[in-house]
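Q: There's a structure below that I have some questions on.
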Ligand SMILES: [Zn+2]
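Residue numbers (my numbering): 54 to 182.
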């Protein structure tokens, strides 16, 4: 079970609202793939470093599971995912996280949204209201 504040109704509401407002992964966005669906909301300033538990949207960041775990593995500092270090693993679509990975050259259009984006948004949106 998640610890405070993640087990509170306040956090769940804030998290849902943030993902609705910022549905795409910031880690991938920084690497040139702005349309990777996020499902994790992270504090820009960790609570353990004095950040507010329930900040506004500008105090929160949306990440996909891969970027969030990469960020967590590297430490709590904000923006760790934007470091230029090589990255292991892949995203939910099977694309390498490392922007310099040779598989990237197989992507048809690294800038535009995938054609099934709307389907993803509909099928993965969670409405708990
Ligand atoms: Zn990501």
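Glycine is no exception: its CB is placed at the ideal position from the N, C-alpha and C atoms.
In this text, all values refer to a predicted model and were calculated from it rather than measured experimentally.
Where does residue 86 sit, in a helix, a strand or coil, going by DSSP?
A: Coil.
Q: Under 8 Å: does the beta carbon of residue 91 sit that close to some heavy atom of ligand 2?
A: This structure lacks ligand 2; the ligands present are ligand 1.
Q: Residue ranges of each beta strand (DSSP E) run of no fewer than 3 residues wholly in the stretch 57-128, ordered along the chain?
A: Counting whole runs of 3 or more residues, the stretch 57-128 contains the beta strand (DSSP E) stretches 93-96, 113-116.
Q: In or out: residue 130 buried (at least 16 other Cβ within 10 Å) or exposed?
A: With a pLDDT of 48 at residue 130, under the threshold of 50, the modelled position of this residue cannot be trusted; read the value that follows with caution. Exposed, because fewer than 16 other Cβ atoms sit within 10 Å of the Cβ of residue 130.
Q: Have a look at residue 55 and residue 71 and give me their C-alpha separation to the nearest angstrom.
A: Distance between the alpha carbons of residue 55 and residue 71 is about 19 Å.
Q: Is the closest heavy atom of ligand 1 to the C-beta of residue 88 under 8 Å?
A: No, Cβ of residue 88 sits at least 8 Å from all heavy atoms of ligand 1.
Q: I want to check one thing, is the minimum distance from the CB of residue 26 to the heavy atoms of ligand 1 below 8 Å?
A: Limits of the chain in this structure are 54 at one end and 182 at the other, which puts residue 26 out of reach.
Q: Should residue 103 be labelled buried (16 or more other beta-carbon atoms within 10 Å of its own) or exposed?
A: It is exposed - the Cβ of residue 103 has fewer than 16 other Cβ atoms within 10 Å.
Q: Can you tell me which of 85, 82, 99 puts its alpha carbon nearest to the alpha carbon of residue 57?
A: Ranking 85, 82, 99 by Cα distance to residue 57 puts 99 first.
Q: Whole-angstrom Cβ separation of residue 79 and residue 123, contact assumed at under 8 Å?
A: The pair is not a contact, with the Cβ atoms about 12 Å apart (cut-off 8 Å).
Q: Please classify residue 95: is it buried, with 16 or more other beta-carbons within 10 angstroms of its beta-carbon, or exposed?
A: Buried, because 16 or more other Cβ atoms sit within 10 Å of the Cβ of residue 95.
Q: Does the Cβ of residue 117 lie closer than 8 Å to at least one heavy atom of ligand 1?
A: Yes; taking the cut-off as 8 Å, the Cβ of residue 117 has a heavy atom of ligand 1 nearer than that.
Q: Thinking residue 92 and residue 120 are a contact (beta carbons under 8 Å), I'd like their distance in whole angstroms, please.
A: Actually they do not touch by this definition, with Cβ atoms about 11 Å apart.
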